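Final position of the sequence shown in my numbering is 353; the numbers increase by one with none missing.
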Amino acid sequence: MNRARLQELLSRFSQLRIVVAGDLFLDRWYEIDTQLNEPSLETGLTAYQIVKKRSAAGAAGTVLNNLSEMGIGHLEVISLVGEDGDGWEMLQRLNERGVDTSKVLQSDRVVTPAYIKPLFPEEGNRFDVKNFSPTPEDLQEEIIRRIEASLADADALVLLEQVCEVDTGVITSHVRNAIRQMALRHPDKLIYADSRAFIHLYRDVVIKCNNLEAARMTGREADEEHFDREEVFRCMDELKQITHRPVIITCNRHGVAVEEGGKKLLVPAVRHSCPIDICGAGDACTAGLVSALCAGGSYAEAAFLGNLSSGVTVRQIGRTGAAGQEAMLRLYDEQWKEE
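Written out as structure tokens, the structure reads:
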């Protein structure tokens, strides 16, 4: 892709309307100064002293953060959070990004999921807050109604499943089946799914998975050591027979595999000679892919932007980064500037 075409696609982002439906997790970071440790008067155990804290919308929120940073004109989120402090803070973080949160359900029957990360000088364990009971049926029905109401005016619907426990998140089996029916009624609408544990259950929507997931879904052994492009392409063919829609396969440092005009392509990833942090790279890739497709890009062009956006974020060490247009153009110039 030349720079003029990249700028053309980016210039259309402000006109787009993208809806994201799925699991929101509040990412919390607590910086701990171990030199300030003191014993608890009650237990005698060490009480760690937090000297700084910050938070961000994570999971589906990370996709939204990237879409916002890229300059998407209208962003809307459909999700479910608790009537608790983390839920309030989640909405604040999203509102700061200009995201329309009016279709986020709040209920005292669920907790707001969160990833709590104590930052010690050495690596420490994370604390997770999740729901382990099935999502109440009436809340599932309301989620379906809100998705259907938003779909007509959207350029794309992005589905993001973060939880791995069956039917405990926003996109349950029932919601997933309802979305399939919406996709069949609106075959020209871009509906794109990314799921940590249930991508194999999607039908009639565009799916994104990595090459190891694609191998497992097609009955192959997932091999992290040996990458085989032709094997990835065979997986793509088999998955497309199941989903009836395009399949996008991310391949880590090798790039993103797509099909364009009947030809399968592996679009190369960004090259790095500096330290990188892959946290959030997949969500940044999703944001770039979907935005490019909505802006009129081909699947090959979308894969290029997905690589570019994730390439920006992995250089943002120690945080779940986001890719803006200026940063994407700078990275393009570094990697592919025409002489």
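From the three backbone atoms N, C-alpha and C, an ideal C-beta is built for every residue, glycine too.
All values derive from a computational prediction rather than experimental measurement.
Just confirm the distance between the C-beta atoms of residue i and residue j, as a whole number of angstroms; I'd bet it's less than 8 Å.
i: N80; j: D297; result: 6 Å
i: F241; j: H268; result: 6 Å
i: S305; j: I86; result: 6 Å
i: V326; j: L345; result: 6 Å
i: G335; j: G276; result: About 35 Å; that fails the 8 Å criterion.
i: V113; j: V91; result: 6 Å
i: G96; j: S121; result: 7 Å
i: V270; j: A317; result: 4 Å
Answer with buried or exposed for residue i, where buried requires no fewer than 16 other C-beta atoms within 10 angstroms of its C-beta.
i: D251; result: exposed
i: A128; result: buried
i: N191; result: exposed
i: C249; result: buried
i: R160; result: buried
i: V172; result: buried
i: S187; result: exposed
i: N225; result: buried
i: L253; result: buried
i: D167; result: exposed
i: A337; result: buried
i: F141; result: exposed
i: I205; result: buried
i: N109; result: exposed
i: G75; result: buried
i: S147; result: exposed
i: L55; result: exposed
i: D237; result: exposed
i: L174; result: buried
i: K351; result: exposed
i: D152; result: exposed
Whole angstroms is fine: what's the gap from residue i's alpha carbon to residue j's?
i: R329; j: R68; result: 20 Å
i: I256; j: T48; result: 53 Å
i: S25; j: A309; result: 9 Å
i: A229; j: L119; result: 36 Å
i: E136; j: E45; result: 11 Å
i: R210; j: K203; result: 23 Å
i: M84; j: V180; result: 33 Å
i: I158; j: T264; result: 29 Å
i: A61; j: E52; result: 5 Å
i: L303; j: W43; result: 28 Å
i: A341; j: Q154; result: 38 Å
i: E162; j: P150; result: 19 Å
i: T126; j: A18; result: 43 Å
i: V65; j: K278; result: 51 Å
i: A35; j: V281; result: 27 Å
i: E235; j: L50; result: 49 Å
i: Q339; j: L78; result: 15 Å
i: D347; j: S287; result: 15 Å
i: E245; j: R285; result: 23 Å
i: N358; j: I130; result: What the structure shows of the chain is the stretch from 15 to 353, and residue 358 is not part of that stretch, so it cannot be assessed.
i: Q106; j: M196; result: 30 Å
Starting from the Cα of residue i, find the closest Cα among the options and give me that residue.
i: S164; options: M342, V33, C308 and S312; result: V33
i: K222; options: L108, C299 and R285; result: C299
i: A283; options: G275, E273, Q63 and N266; result: N266
i: A70; options: W350, R333, A341 and Q349; result: R333
i: P260; options: E238, V219 and D37; result: V219
i: F39; options: G101, E56 and R31; result: G101
i: S28; options: K351, R17, Q176 and S82; result: S82
i: N16; options: L319, Q106, T327 and E90; result: L319
i: Q176; options: M196, V143 and R199; result: V143
i: A73; options: L94, L105, L59 and D37; result: D37
i: H258; options: R31, T182 and L198; result: L198
i: E156; options: L174, V184 and L59; result: V184
i: M104; options: C178, D41 and H88; result: D41
Within a Cβ cutoff of 8 Å, which residues of the same chain sit near residue i, ignoring the five residues on either side of it in sequence?
i: R21; result: A quick correction: the sequence has Gln, not Arg, at residue 21. L343.
i: D169; result: L30, R31, I32, L204 and C308
i: T182; result: K144, N145, F146, S147, P148 and T149
Cutting at 6 Å between CB atoms, please list the residues of its own chain near residue i, excluding the five before and the five after it.
i: E353; result: Only weak support exists for where E353 lies, its pLDDT of 40 falling under 50; the value from the coordinates is given anyway. Counting only Cβ-Cβ distances below 6 Å, and skipping sequence neighbours, we find nothing.
i: R194; result: R217 and D218
i: F134; result: I46
i: T232; result: C249 and E252
i: R243; result: L280
i: L23; result: A306, A309 and G311
Residues in its own chain within less than 7 Å of residue i by CB, not counting five upstream and five downstream?
i: P289; result: I331
i: I213; result: A207, I221, C223 and E227
i: E274; result: S312, Y313 and A314
i: G138; result: P132
Does any residue of chain B bring its CB to less than 7 Å from the CB of residue i?
i: P53; result: This model lacks chain B altogether, as it is built from one protein chain only.
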